[in-house]
Amino acid sequence: MSTKEQEERVSLREVLARLARASRGFWLVNWVNFGDGIAYFGFLSLLTLFFQHDVGMDARGATIATSTFTGLVTLFMVLGAGALSDRLGARRALTVSMAIVLVGRVLLTLSPSLGAGTGAALTAAWIAILVMGFAEGAVQPALYAGVKQYTDERTASMGYAFLYSIMNLGIFLGEMISPFVRAWFAHHVEGVSVEDVPTAGITGSFWFFTAVTAVVLLVNVVFFTKKVEARDRVAEPATPAETGSLVDRVKRLPILDARFLFFIFALLPVRTLFAHQWLTIPDYVTRAFPAEVGARVEWIQGLNPIVIVVAVPVLTMVTRRMHVIDVMILGTLVSAAATFLLSAPPSLALLILYVVIFTLGEAIWSSRFLEHVADLAPPGRLGVYMGLAGLPWFLAKTVTGFYAGSMLDAFLPEGSPGSPGTMWTIHGAIAMLSPILLVLGRKWMMTRGDAR
-15 MSTKEQEERV
-5 SLREVLARLA
5 RASRGFWLVN
15 WVNFGDGIAY
25 FGFLSLLTLF
35 FQHDVGMDAR
45 GATIATSTFT
55 GLVTLFMVLG
65 AGALSDRLGA
75 RRALTVSMAI
85 VLVGRVLLTL
95 SPSLGAGTGA
105 ALTAAWIAIL
115 VMGFAEGAVQ
125 PALYAGVKQY
135 TDERTASMGY
145 AFLYSIMNLG
155 IFLGEMISPF
165 VRAWFAHHVE
175 GVSVEDVPTA
185 GITGSFWFFT
195 AVTAVVLLVN
205 VVFFTKKVEA
215 RDRVAEPATP
225 AETGSLVDRV
235 KRLPILDARF
245 LFFIFALLPV
255 RTLFAHQWLT
265 IPDYVTRAFP
275 AEVGARVEWI
285 QGLNPIVIVV
295 AVPVLTMVTR
305 RMHVIDVMIL
315 GTLVSAAATF
325 LLSAPPSLAL
335 LILYVVIFTL
345 GEAIWSSRFL
355 EHVADLAPPG
365 RLGVYMGLAG
375 LPWFLAKTVT
385 GFYAGSMLDA
395 FLPEGSPGSP
405 GTMWTIHGAI
415 AMLSPILLVL
425 GRKWMMTRGD
435 AR
């Protein structure tokens, strides 16, 4: 019996027990993962509202700016920030990138103090977007590389699932705390109540998440030492040793494999729904629901990560014997179909149900996608491969922002009931293209082998 077959017989409890005994290096990688999950998504969930109400942009400008930021994260991964972990190792790459992202978050949070709507504030915000985009483009591949370097063959599969879950635990914690921070800051600094102005206090939350970033960086520098790295690392970072001509090296990239290319781009339509979580949901909640709901929009968004924390390890074990293509079909179908719940008139119960079902679909396929890409990467090329596989995600995040704000203004203008159900029906129809494409290409994609 092969090692892989033996692993498939191991229970969830046994795998989790192995992870519990994992090295300090593995847990320190996940410390950065946890802390950056709090801060990154704490910023992201409020970013469109911050750009509108603090920096002084309109709805379309805010969604474009937010999409530009999230798109830059992926673009910089592709252009080389992801290779930082291949050259420096996970430990040093995380330290460098977190230091840079701290500078960007400070600058962004300070930008409204330069005068809302002024050229100075807008310029500072855009510079911050650029800085944070580069830094986060290096953080994410470094985390993936960290799991590969600090786990072995027995724990790698659940290691990636755990990475995804612990990040979402951080997101959940940040989203739960944020409304309280906003309410305190709005009352004591801005002199208003979030019950009257649901978008108040966002700068206060941003300062809180910036402080979290500083603490994460400090702990990483103090405790993730060279000694810990040398003692705990299972797999070497392996400096890329490319051979052959440039043309030969390019030909070896899986992004040029037709089946792999179809596989990752077929996921683009459903990925637009992920972008709508921070491009559309905040304005949808603050415009279509009562002020007391809008004042706690983070709690709605916090449902996604807490479901992920519970569901990803369980569903990873349940679906681990399924072919990766079948996992993608099932997961994308669940997420896309859930969107049509929002075709009905605004209802808090339906919104909560949508988030839960959408997230279960995400939990089915997301971590398996990362594992599949990591398995394809040769030694020393993991960061680059993760970056290349993120190309469709880059397109989804950037393109969605160029129409999300216009859709909001067309179907749910501020101060008007509008027709948000039509907007969500359109978004759902776009997302349904993913499972349809995967079903149509299933047999062809499976001919590349028994990828799991």
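Everything in the sequence shown is counted per this note's numbering, starting at -15 for the first residue and increasing by one. Glycine included, every Cβ here is placed at the ideal spot set by N, Cα and C.
How many angstroms separate the CA atom of residue i from the CA atom of residue j?
i    : j    : result
A122 : L86  : 13 angstroms
A380 : N17  : 23 angstroms
T209 : L202 : 12 angstroms
P224 : D70  : Summary for P224: the model assigns pLDDT 49, below 50, so the residue's position carries little reliability, and this model does not support an answer.
H172 : S162 : 15 angstroms
A321 : L422 : 15 angstroms
G442 : T102 : The structure shown does not extend to residue 442, since the chain is modelled only from -15 through 436, so no value can be given for it.
I290 : F190 : 21 angstroms
T300 : I348 : 7 angstroms
I341 : S327 : 15 angstroms
F247 : G99  : 46 angstroms
L287 : V339 : 7 angstroms
N14  : H411 : 34 angstroms
W283 : P266 : 11 angstroms
S350 : D38  : 34 angstroms
V205 : R304 : 36 angstroms
H260 : A119 : 23 angstroms
W428 : A170 : 56 angstroms
P330 : S390 : 19 angstroms
A74  : A129 : 6 angstroms
E159 : F146 : 20 angstroms
G315 : Y144 : 17 angstroms
E174 : P182 : 13 angstroms
L127 : F207 : 17 angstroms
A112 : A77  : 20 angstroms
V294 : V176 : 37 angstroms
V318 : P401 : 28 angstroms
Q133 : A105 : 41 angstroms
R426 : T135 : 31 angstroms
G45  : Q36  : 8 angstroms
Which of the three DSSP states, helix, strand or coil, is assigned to residue i?
i    : result
A250 : coil
T102 : coil
F10  : helix
P401 : coil
R426 : helix
G73  : coil
T209 : coil
G437 : Lying before the first or after the last residue shown, residue 437 is absent from the chain, which here runs from -15 to 436.
G389 : helix
G374 : coil
L396 : coil
G188 : helix
G175 : coil
F445 : What is shown of the chain runs -15 to 436, which leaves residue 445 out entirely.
V339 : helix
S331 : coil
D310 : helix
A295 : helix
R352 : helix
A225 : With a pLDDT of 48 at A225, under the threshold of 50, the modelled position of that residue is not reliable, and the figure given next carries that caveat. If DSSP states are grouped into helix, strand and coil, A225 belongs with coil.
A126 : helix
Which whole-angstrom value is the C-beta distance of residue i and residue j, which I expect to be below 8 angstroms?
i    : j    : result
F378 : L59  : 5 angstroms
A272 : L396 : 6 angstroms
G385 : T107 : Not confirmed; about 20 angstroms, so no contact.
A388 : P253 : Actually they are not in contact, since the Cβ atoms of A388 and P253 sit about 14 angstroms apart, beyond 8 angstroms.
L68  : V80  : 7 angstroms
M82  : T264 : Their Cβ separation, rounded to whole angstroms, is 29 angstroms, which puts M82 and T264 out of contact at 8 angstroms.
S418 : I292 : At roughly 19 angstroms, the Cβ-Cβ gap does not stay under 8 angstroms, so S418 and I292 are not in contact.
L31  : W408 : So it is not a contact: roughly 21 angstroms between Cβ atoms.
I313 : M430 : With a Cβ gap of about 11 angstroms, I313 and M430 do not count as contacting.
D20  : V200 : 6 angstroms
Mind checking whether the beta-carbon of residue i lies closer than 8 angstroms to any heavy atom of the ligand ADP?
i    : result
M116 : Because no ligand of any kind appears in the structure shown, any question about the ligand ADP cannot be addressed here.
For residue i, which option in the options has the closest C-alpha, if you only look at C-alpha atoms?
i    : options                   : result
F27  : H37, F192, P329 and K132  : F192
L257 : V311, V176, P125 and F324 : F324
V165 : P297, V254, T194 and V291 : T194
R89  : L68, L72, L317 and V115   : V115
V269 : A119, S29 and G425        : S29
F244 : L375, A74 and A295        : L375
G278 : L314, V178 and L344       : V178
V383 : L56, I22, Q124 and A373   : L56
Consider the Cβ of residue i: report whether some Cβ of chain B lies at a distance smaller than 9 angstroms.
i   : result
L91 : Of the chains in the structure shown, none is chain B; there is only one protein chain.
| said: Quick check: the segment 45 to 61 against the segment 181 to 188, are at least 3 beta-carbon pairs closer than 8 angstroms? | reply: The segment 181 to 188 is not in contact with the segment 45 to 61.
- Pair every Cβ in the segment 80 to 99 with every Cβ in the segment 142 to 159, then say whether three or more of these pairs are closer than 8 angstroms. They do not touch, by the three-pair rule.
**Asked** Between the segment 323 to 342 and the segment 267 to 281, do at least 3 Cβ pairs fall closer than 8 angstroms?
**Response** Contact between the segment 323 to 342 and the segment 267 to 281 is present, because at least three Cβ pairs lie under 8 angstroms.
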